[in-house]
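With this note's numbering applied, the sequence shown closes on residue 1537, and no number is skipped along the way.
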Amino acid sequence: MKMKALNIALKLYEIAGPIFVSLKEEIKPAIAGAPSHQDIKKLTFTQLRILLAVEYGKNQVGKLARSAQVAQPAMSKIVDRLIRLNFLRRAPHPSDRRQIKLSLTPKGTAMTRRIRLRAAEKYVEAIQGLSLEEQRRLLDGITIVFEIIQKTRNQEI
């Protein structure tokens, strides 16, 4: 029996919420003062989300503002702070001189890697408890989800 595509798509969003909340829960203690990398403590959760969005490909202030549903001047202030902290850099857009392209600095790349690792650690024990077959199925499912996200990525960037 073939499932309806909309039902499957809704299931994607059912897992997205808990993953996002989990990420937020794992990063929040670091910001509040738990032992962690010093640079995490300098950032708000919104700033961390912006770093992840830039890594994902939202490389212009306007795109970030629309994605976060904030005014462009407010997003410009957030981006300016991330640039001052050396997490982001600005560069001329390769095809449109009127636009500026944002990218992660090496420090920003290291931060996003650290964020993902810290959040992923929460799931390690549960994954280790799965059989090898279950781990393989989980990885196959994650691979398919990621491929779907990549296919739709150009529509939202």
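By construction, the Cβ of each residue, glycine as well, lies at the ideal position given by its N, Cα and C atoms.
Original post:
A1471 bridges to which residues according to DSSP?
Top reply: In DSSP, A1471 forms a bridge with K1481.
Original post:
What does a CB cutoff of less than 8 Å around K1481 pick up in its chain, not counting 5 residues either side in sequence?
Top reply: The residues are N1439, Q1440, R1470, A1471, P1472, H1473 and P1474.
Subject >> Exposed unless 16 or more other CB atoms sit within 10 angstroms - verdict on F1400 >> reply: Burial call: exposed.
Original post:
What are the start and end residues of the alpha helix (DSSP H) that includes V1459?
Top reply: Run containing V1459: Q1452 to R1464, per the alpha helix (DSSP H) assignment.
Original post:
Taking Cβ positions, are A1433 and A1448 nearer each other than 9 Å?
Top reply: With respect to the 9 Å criterion, A1433 and A1448 are classified as neighbours on the basis of their beta carbons.
**OP:** Give the DSSP-derived three-state secondary structure of D1520 in the structure shown.
**Re:** For D1520, the three-state secondary structure derived from DSSP is helix.
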